[in-house]
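>
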Amino acid sequence: MEVANLSEIIVRNKLRHDLRNVTLVYAVSNKLQARSFLATEYWLDWRTVNVVTEQNIRNIIRKDVGEILSRRERAIDGFGCNTCYRHYWQLYWEMNGRRYKINKDNAQVNVWDIDRGGDLEITLLNEGIHIRVDFKLPSGNAYFYAENV
């Protein structure tokens, strides 16, 4: 098993409201990442992954981030990510008495060898009337939108 240890996970709240009970969920799926010798298997693997129901999930790590005040950030310890399989994430939080989460239960952000020792930065911000959740790793970026739970 190949592991890339993330040094730190930083969650930034760029919203105008405080966040409570922030929880990050990291899931390793049963689906292999693209590698030159496994490219065909990668492209033909149509299994559905669901972080919430743990469908096609090998391992899950839940991290309690806690409270993040408006325009502030909170850092938590990183952890090892298996670079052989695809990675899926979910973020939960409360804001103004309502529960939110990423609007996909299979929000995929893979961790690669190049991410070893790097930080994962997650930023919540307004995009018009929507809340956007940005993920940034040394290997690249991805973003998703939030929904009420």
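Just so we're on the same page, my numbering is the position in the sequence shown counted from 1, plus 231.
Don't be surprised by glycine CBs; every beta carbon is placed ideally from N, CA and C.
Computed from a prediction, not measured in an experiment: that's the story for all the values here.
Cβ atoms of tryptophan 320 and alanine 338: under 7 Å apart, would you say?
Cβ atoms of alanine 338 and tryptophan 320: closer than 7 Å.
> Counting along the chain, where does the beta strand (DSSP E) carrying threonine 254 start and finish?
Here the beta strand (DSSP E) through threonine 254 covers 250-263.
> Keeping to the same chain, check which residues put their C-beta closer than 8 Å to that of glutamine 286; ignore five residues upstream and five downstream.
Answer for glutamine 286: Thr279, Val280, listed in chain order.
> Quick check: the Cα distance between serine 370 and valine 342, rounded to an integer number of angstroms?
Answer to the nearest angstrom: the Cα atoms are 8 Å apart.
> Grouping DSSP H, G and I as helix and E and B as strand, with all else coil, what is aspartate 346?
The answer is helix: DSSP assigns aspartate 346 an H, G or I state.
> Given a threshold of 16 other Cβ atoms within 10 Å of its Cβ, counted over all protein chains shown, does arginine 302 qualify as buried or as exposed?
So arginine 302 counts as exposed.
> Tell me which same chain residues have a C-beta within less than 6 Å of the C-beta of alanine 258, skipping the five on either side of it?
Cβ neighbours of alanine 258 beyond the five flanking positions: Val282, Ile288, Ile291, Tyr319.
> Identify every residue that forms a DSSP beta bridge with aspartate 308.
Paired residues: Glu239.
> Distance check for leucine 263 and asparagine 376, CA to CA, integer angstroms please.
A small correction: the amino acid at residue 376 is tyrosine; asparagine does not occupy that position in the sequence shown. Going by the C-alpha atoms only, they are around 25 Å apart.
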